[in-house]
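This report concerns only the one structure given below.
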Amino acid sequence: MNLLHLDSSILGDSSASRQLSRALVDAWQAASPEIKVSYRDLASDALSHLSAASLVAGATPAELRDAVQKHEVELAEATLNQFLAADAIVIGAPMYNFTIPTQLKAWIDRIAVAGKTFAYDENGPKGLAGGKKVVIVSTAGGIHAGQVSGQAHEAYLELVLRFLGISDIEIVRAEGLAYGEEPRANAIKGAQAQIDELFAAA
Ligand SMILES: Cc1cc2nc3c(=O)[nH]c(=O)nc-3n(C[C@H](O)[C@H](O)[C@H](O)COP(=O)(O)O)c2cc1C
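With my numbering applied, the sequence shown closes on residue 207, and no number is skipped along the way.
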């Protein structure tokens, strides 16, 4: 089984989502030593944003692409193929300004590809990337789960994944991290307990 581990926090060693996504992947590997993990740090190795130049590069016949366009298409294809090859994905997803980090959005813009991961027909949209399990490690300074203020964060991520055909989605959540030392420690402990529970029966 291929597991893709993504981090997107810009807070380096102080990051709660990095700490928890690492703990989650470690627990997964302990439960299933055969899994093959690929790691992608979307913050330190950020993808360029999808742009008009990206679309032009993709639409240009391979033999006519210049070096920049060639690089652009290779990056897009490699990112998409890594996503498609994953049976499971762990996404470290902090809340920044009420939504996901821009680096994680840049990744989504590379994996939401018409004809590859979704399609439309007379019945509406159809996800083509089903059969994967996704665990979102959601962190926030405030408390937003189930509230309007969380819609562009966790709820948005779930929406996009479901649009792509992924229905097996778990959320490991640590929120209220900015409420003080003790609430932060308790929120992280709670998320760790969720991780332990996910693999208790494995
Ligand atoms: C640039 C930035 C913007 C943030 N915006 C929000 C926000 O809109 N709402 C919120 O509840 N917390 C916000 N926070 C707090 C983070 O969600 C919190 O620090 C969380 O731990 C981030 O996860 P991380 O530690 O893995 O980066 C923000 C933090 C940063 C650095």
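No residue lacks a Cβ here, since even glycine has one placed at the ideal position from N, Cα and C.
These numbers were taken from a predicted model, which means no experiment stands behind them.
Handout entry: Host beta strand (DSSP E) of residue 93 (start-end)
Key = 93–99
Handout entry: Test item, CB below 5 Å from any non-hydrogen atom of ligand 1
Key = 14, 16, 20, 21, 22, 99, 100, 101, 102, 103, 144, 145, 146, 147 and 182
Practice task
Check whether the stretch 34–52 touches the stretch 82–94, taking contact to mean three or more Cβ pairs, one atom from each stretch, closer than 8 Å.
Solution key: yes
Problem - DSSP bridge partner residues for residue 125 (one or two, in chain order) - result: 130
Problem - Assigned secondary structure, residue 7 (DSSP; H/G/I helix, E/B strand, else coil) - result: strand
Problem - Inter-stretch contact at 8 Å, needing at least 3 Cβ pairs: the stretch 99–116 / the stretch 73–87 - result: yes
Practice task
Quick one: give me the first and last residue of the beta strand (DSSP E) that residue 105 is part of.
Solution key: It is not in any beta strand (DSSP E) - residue 105 carries neither H nor E in the DSSP assignment.
Practice task
Please name the residue in 95, 145 and 8 whose C-alpha comes closest to that of residue 182.
Solution key: 145
Practice task
Just the C-alpha distance for residue 85 and residue 68, rounded to the nearest angstrom, thanks.
Solution key: 21 Å
Handout entry: Status (buried if at least 16 other CB within 10 Å, exposed otherwise) for residue 38
Key = exposed
Problem - Separation of residue 138 from residue 190, as counted between CA atoms - result: 28 Å
Exercise for the section: Starting from residue 193, follow the beta strand (DSSP E) in both directions and report where the run begins and ends. Expected result: First-last for residue 193: 186–205, but that is the alpha helix (DSSP H), not the beta strand (DSSP E).
Practice task
Tell me where the alpha helix (DSSP H) around residue 84 begins and ends.
Solution key: 72–90
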